[in-house]
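S.K.: Okay, handing you the structure first.
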């Protein structure tokens, strides 16, 4: 039942909240659609890959000692990547206001993980 609730919430966020947010902020799609993210600096892709590698390494190395707490590394990695993207979008393309969507994704992920953590504590 909890998984169905999570799927419904993610669907509402993805297909209702994000389009409304994009419309309100004047989100502009690129003239030519891109499959991959449009990196703003030369160091951004290596930085994101390093964060992902650290996250995977931390999960693999520390799971025996910390158990399920290492799932927080995934949240931390996502938030670091999204906040970095938001900061760079604000710095280099502030007139597009795409950074608002990146920041809202980071906030939504934090709320979702916190909700799941609190729910797990309550059930324990």
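Numbering (my numbering), first residue to last: 19 to 142. Glycine included, each C-beta is placed from N, C-alpha and C at the ideal position.
(1) Between the region 119 to 129 and the region 99 to 109, do at least 3 Cβ pairs fall closer than 8 Å?
(2) Would you call residue 46 buried or exposed, if buried means 16 or more other Cβ atoms sit within 10 Å of its Cβ?
(3) Can you give the Cα-Cα distance for residue 115 and residue 126, rounded to whole angstroms?
(4) Are three or more beta carbon pairs between the region 87 to 100 and the region 60 to 73 nearer than 8 Å?
(5) Roughly how many whole angstroms lie between the Cα atoms of residue 131 and residue 48?
(6) Does the beta-carbon distance from residue 118 to residue 39 come in below 8 Å?
(7) Output yes or no for whether 8 Å exceeds the beta carbon distance between residue 95 and residue 70.
(8) Which class does residue 111 belong to by DSSP, given the choice of helix, strand or coil?
(9) Let me know the secondary structure DSSP gives residue 123 once reduced to three states.
M.R.: On the basis of the coordinates in this document:
(1) yes
(2) Within the chain shown, residue 46 is the residue found at index 28, counting from 1. When all chains shown are included, residue 46 counts as exposed.
(3) Counting from one through the chain shown, the residue named residue 115 turns up at place 97. Counting from one through the chain shown, the residue named residue 126 turns up at place 108. Using only the alpha carbons, I get a separation of about 18 Å.
(4) yes
(5) Here residue 131 corresponds to residue number 113 of the chain shown, with the count starting at 1. Here residue 48 corresponds to residue number 30 of the chain shown, with the count starting at 1. Those two C-alpha atoms are separated by around 31 Å.
(6) As a first step, residue 118 is located in the chain shown; it is residue number 100 there, counting from the start. As a first step, residue 39 is located in the chain shown; it is residue number 21 there, counting from the start. Contact flag set, yes.
(7) Looking up residue 95 in the chain shown gives position 77. Looking up residue 70 in the chain shown gives position 52. The answer is yes: Cβ separation under 8 Å.
(8) Residue 111 sits at position 93 when you count from the first residue of the chain shown. Coil.
(9) In the chain shown, residue 123 corresponds to position 105, counting from 1. Residue 123 falls in the helix class under three-state DSSP.
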